[in-house]
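Asker: Numbering (my numbering), first residue to last: 8 to 258.
We treat Cβ as the ideally placed atom computed from N, Cα and C, and that holds for glycine.
1) Given 7 angstroms as the limit, tell me if residue 13 has its C-beta closer than that to any heavy atom belonging to the ligand SAH.
2) Go ahead and pull the three-state DSSP assignment for residue 83.
3) At the level of alpha carbons, what is the spacing between residue 57 and residue 188?
4) What is the DSSP secondary structure of residue 225, reduced to helix, strand or coil?
5) Just to confirm my understanding: we take residue 252, look at its own chain, exclude 5 residues before and 5 after, and list those with CB closer than 7 angstroms. What are they?
6) Label residue 247 either buried or exposed according to how many other C-beta atoms from any shown protein chain fall within 10 Å of its C-beta, with 16 as the threshold for buried.
7) Unbroken alpha helix (DSSP H) runs of length 4 or more, entirely within the region 33-60: which are they?
8) Hey, how far is the Cα of residue 222 from the Cα of residue 213?
9) Taking only the alpha-carbon atoms, compute the straight-line gap between residue 64 and residue 35 and give it to the nearest angstrom.
10) Excluding the five sequence neighbours on either side, which residues of its own chain have a C-beta within less than 6 angstroms of the C-beta of residue 112, listed in chain order?
11) Where does residue 62 sit, in a helix, a strand or coil, going by DSSP?
12) Just to confirm, is the Cβ distance from residue 191 to residue 235 under 8 angstroms?
Take a look at the structure:
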């Protein structure tokens, strides 16, 4: 099964300026990410950048990179441009790996690619892991997903879903008697889906929940969910996150 890994990287970050080039053990973070997924059998691993400094840093360390426009509103829009530049066909599988995930599990990336390839009726594959704490279940920053019996996503939400009617109290959620799942923000797409994404109108549910994946579901696309056993390592959003990761890569 052939697939590509595309890594969107943009220089602007309010909490961590120049984040893709942050040094981690002597290498830029985006290079660490690309190296992390380089051995999983992808046809190509490509960084899609909005700044020539990112492209230069990648190429200096043997990582393929291409320039994209600076005005894309999301990583998905950036990857749509990259699909066009790379000449990917509509059925080609593309895994979107974020450029601030230097500890991402390579096996999880491969699992999403394989899952999408095995389900031609789905446009996207993503992942989730079980929620074991009430605090995470109630936390709006923890995105939840509920699926049907075939593991197709029914809905993504920041709310605690499924809501346990007989076990929760007003204003206080309780873990339901069926598994609750936390969404992992890793996606495998068909290239045709990525190309179509910028043409889709934003969905009301997407805007209310601030969850981009709801746009695809609103427009009728099916998303299949890989069940991971545990939570992946956290990405890098803040200086504190960067310090935590740096301790794992002593220079």
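Answerer: In short:
1) Inclusion of the ligand SAH in the displayed structure is not the case, the ligand content being empty and no account of it being possible.
2) helix
3) 33 angstroms
4) helix
5) 31, 109, 110, 243
6) exposed
7) 36-43
8) 6 angstroms
9) 7 angstroms
10) 239
11) helix
12) yes
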